[in-house]
Amino acid sequence: MSTLLRRPKTLAVLVVAGVVFIVSLAGGALGNEFGGGFLASPIAHIQLPAESITSGSLFADFQITNTMVTTWLAILFLVVISVLATRRLKDVPTGLQNVVEIVIEGFLNLAESVAGPGRARKFFPLIMTIFLFIVTANWMGILPGFGTIGRIEPAEEVVHHLEESGDEVDLADVRLQLFDGDGSFAVVAFGSVDDEITALEVEEHGVKEGQQAGLLVPFLRSANTDVNMTLAIALVAMTMIHFWGFSTLGFFGHMGKFVNFKQGPIGLFVGLLEAISEVARVISFTFRLFGNMFAGEVLLVAMAFLLPLIGIIPFLGLELFVGVIQAFIFSMLTLVFATMATVSHGAEEH
Amino acid sequence: MGALGINLPGLITQLVSFAILFALLSWLLYKPVLRVLDQRSSRIRESLETAERVRQEAAESQADMQRQLQEARTEGQQLIAQAREVADRFREDELAKARQEISAERSRAEANIRRERDAAIEELRREFAGLAISAAERVIHRSLDEPTHRELIERVLEESAQTGRN
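Structural data, given as structure tokens:
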């Protein structure tokens with residue numbers, strides 16, 4: 000330890016790290032309680048439904064939400080990578096082709112070890128797509144700019160939205176943020192942690208000249224923090240699983256697992272449980288992914304609030320890990336369920 | 000449901016998006032990459048099989064060569080042994096022939112010698128008989144007819160030869 004400290008480089012790094020830590024601690028929300036808080040900004044508004052990036056509906060009920068934008072960006076990214084990687088396929092792979100081949104071959108081998116060589120080819124496109132999309136979307140979600148750049152939703156619009164959702168709105172509970180400037184683009188300044196007002200105050204006193212009250216609606220939000228997205232993937236996965244079940248075992252072969260009269264009341268009951276577990280799988284698929292990714296977003300927001308500058312660094316690593324693990328879990332469970340669905344009950348017992 | 004953010008338009012949009020991604024990736028990524036992977040693995044399997052076959056063939060041809068070499072060697076040795084045998088037999092034959100010839104020659108020579116000796120003895124006897132006759136003629140001055148004389152002498156000689164031999 001002492002020999003390490005004697006080396007000037009190490010010492011310098013330690014001193015800088017310590018200073019940055021102290022500055023960030025004092026400048027953050029904790030320091031704000033003791034007169035600091037020069038770096039702190041109000042904690043971002045956290046809401047479960049994805050925000051609309053347009054102020055009104057495009058047509059009927061349809062709004063383009065920020066998670067849709069991210070979904071499309073992820074799709075675009077994957078398609079571009081695919082085109083680049085497969086433009087000139089060579090027998091001796093180089094560069095991007097190598098990476099793509101490693102991933103695809105790894106997954107194919109994994110699928111073959113679980114489902115056997117024949118079925119692996121059938122299941123492979125779905126589980127690979129699930130993995131690639133989820134991991135891309137998750138990792139995109141921790142890029143800078145996600146959740147921090149957006150348009151300002153004015154106070155009236157916020158209140159209007161709340162009233163639309165049907166609940167009684169107490170204006171004193173609606174917390175808004177103050178932004179400098181009056182365009183639809185504005186920045187949340189450092190040290191603006193106390194620039195929070197409620198909708199009631201806005202209504203009663205208005206805001207100062209050159210400021211506006213409202214909420215930041217980010218243009219980009221990690222796609223899997225939207226239940227619609229995770230539910231969509233889960234529905235596709237379960238639909239395909241049952242499609243494979245029907246096509247492999249025949250209509251009665253597959254239905255026989257859920258409606259079973261042959262083995263008396265016990266068989267009927269077991270079949271009922273099976274049917275319930277199929278529905279439960281959709282829900283667990285949906286909320287496992289959604290919960291993990293949404294919690295990750297909230298964690299990053301909270302850390303950025305408590306320890307600006309450096310607080311989120313360790314959690315970025317954690318989010319990378321969680322992102323790939325969740326993608327892997329989703330695709331592997333799909334693979335396992337598909338394998339189970341294409342095995343008849345009779346074969347399972349013997 | 001609304002509080003969670005589940006709404007039908009959003010859900011349908013995301014479903015369609017995911018389906019489009021699924022189709023695009025299947026078409027653009029999995030199909031070509033899997034084809035390349037399959038091609039490569041089949042090519043590797045083929046080349047491994049070829050290598051194995053070539054190796055087997057080499058081993059076979061080497062064994063073949065070894066066998067041929069061995070055959071040639073034993074054949075050569077057989078040939079040498081045969082030649083030696085033939086030579087031996089030839090020598091034996093020649094020796095035997097020579098020996099036979101020599102003995103034949105000798106017996107012929109002996110026979111010759113004997114014949115000549117006999118002839119000489121015969122001649123000598125005849126001359127001696129003539130001499131004896133003429134001597135006796137001279138001694139007794141009477142002439143005897145030739146054949147009687149000769150018979151007489153023959154008888155005398157025969158007797159003397161018999162006594163001489165005994």
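Taken in sequence, the protein lines are chains R and S. Each residue of the first sequence is one higher than the last, beginning at 0 in numbering that gives the first Met the number 0. Each residue of the second sequence is one higher than the last, beginning at 0 in numbering that gives the first Met the number 0. The C-beta atom is built at its ideal place from N, Cα and C for all residues, glycine as well.
Interface partners of residue i on chain S, CB under 7 angstroms
i                      : result
residue 81 of chain R  : 24, 27, 28
residue 231 of chain R : 10, 13, 14, 17
residue 228 of chain R : 13
Simplified DSSP assignment, three categories, for residue i
i                      : result
residue 346 of chain R : Any reading at residue 346 of chain R needs caution, since the residue's pLDDT is 46, under 50, leaving its predicted position unreliable; the model's value is listed next. Helix at residue 346 of chain R.
residue 16 of chain S  : helix
residue 6 of chain S   : coil
residue 195 of chain R : strand
residue 33 of chain R  : coil
residue 116 of chain R : helix
residue 15 of chain R  : helix
residue 262 of chain R : coil
residue 175 of chain R : strand
residue 51 of chain R  : strand
residue 146 of chain S : helix
residue 61 of chain R  : strand
residue 92 of chain R  : coil
residue 7 of chain R   : helix
residue 153 of chain R : strand
residue 86 of chain S  : helix
residue 40 of chain R  : coil
residue 333 of chain R : helix
residue 107 of chain S : helix
residue 27 of chain R  : coil
residue 140 of chain R : coil
residue 221 of chain R : coil
residue 63 of chain S  : helix
Check whether residue i and residue j have beta carbons under 8 angstroms apart
i                      : j                      : result
residue 26 of chain R  : residue 307 of chain R : yes
residue 259 of chain R : residue 249 of chain R : no
residue 288 of chain R : residue 141 of chain R : no
residue 305 of chain R : residue 38 of chain R  : no
residue 333 of chain R : residue 129 of chain R : yes
residue 175 of chain R : residue 212 of chain R : yes
residue 133 of chain R : residue 329 of chain R : yes
residue 29 of chain S  : residue 313 of chain R : no
residue 293 of chain R : residue 224 of chain R : yes
residue 341 of chain R : residue 118 of chain R : yes
residue 95 of chain R  : residue 84 of chain R  : yes
residue 69 of chain R  : residue 219 of chain R : yes
residue 177 of chain R : residue 158 of chain R : no
residue 43 of chain R  : residue 66 of chain R  : no
residue 282 of chain R : residue 23 of chain R  : no
Beta-carbon neighbours of residue i, restricted to chain R and to distances below 8 angstroms
i                     : result
residue 39 of chain S : 90
residue 43 of chain S : Those within 8 angstroms of residue 43 of chain S in chain R number zero; the least Cβ separation is about 10 angstroms.
residue 36 of chain S : 100, 103, 104, 107
Extent of the continuous beta strand (DSSP E) run through residue i
i                      : result
residue 216 of chain R : 210-217
Where the alpha helix (DSSP H) through residue i begins and ends
i                      : result
residue 146 of chain R : Counting along the chain, residue 146 of chain R falls outside any alpha helix (DSSP H), and DSSP gives it neither H nor E.
residue 69 of chain R  : 65-85
residue 200 of chain R : 198-204
residue 251 of chain R : 226-254
Closer than 7 angstroms: residue i CB and nearest the ligand NAP heavy atom
i                      : result
residue 245 of chain R : Because no ligand of any kind appears in the structure shown, any question about the ligand NAP cannot be addressed here.
Chain-ordered chain R contacts of residue i [CB-CB under 7 angstroms]
i                     : result
residue 46 of chain S : Ordered by position in chain R, no residue passes the 7 angstroms Cβ test against residue 46 of chain S, which lies about 12 angstroms from the chain.
Neighbour list for residue i in chain S, Cβ cutoff strictly below 8 angstroms
i                      : result
residue 60 of chain R  : 6, 7, 8
residue 313 of chain R : Near residue 313 of chain R there are no residues of chain S at all, since even the closest Cβ is about 29 angstroms away, more than 8 angstroms.
residue 225 of chain R : 4, 9, 13
residue 124 of chain R : 21, 24, 25, 29
residue 85 of chain R  : 27, 28, 31, 32
Contacts that residue i makes with chain R (C-beta to C-beta distance below 9 angstroms)
i                     : result
residue 20 of chain S : 70, 73, 74, 77, 78, 128, 131, 132
Interface residues of chain S facing residue i [CB-CB closer than 9 angstroms]
i                      : result
residue 235 of chain R : 14, 17, 18, 21
residue 64 of chain R  : 4, 9, 12
residue 67 of chain R  : 9, 12, 13, 16
Residue-level contact to chain C via CB, residue i, 8 angstroms cutoff
i                      : result
residue 253 of chain R : This model lacks chain C altogether, as its protein chains are R and S.
Tell me the start and end of each unbroken alpha helix (DSSP H) in the region 283-313 of chain R that is at least 4 residues and wholly inside, in chain order.
Listed in chain order, nothing qualifies, since the region 283-313 of chain R has no complete alpha helix (DSSP H) run of 4 or more residues.
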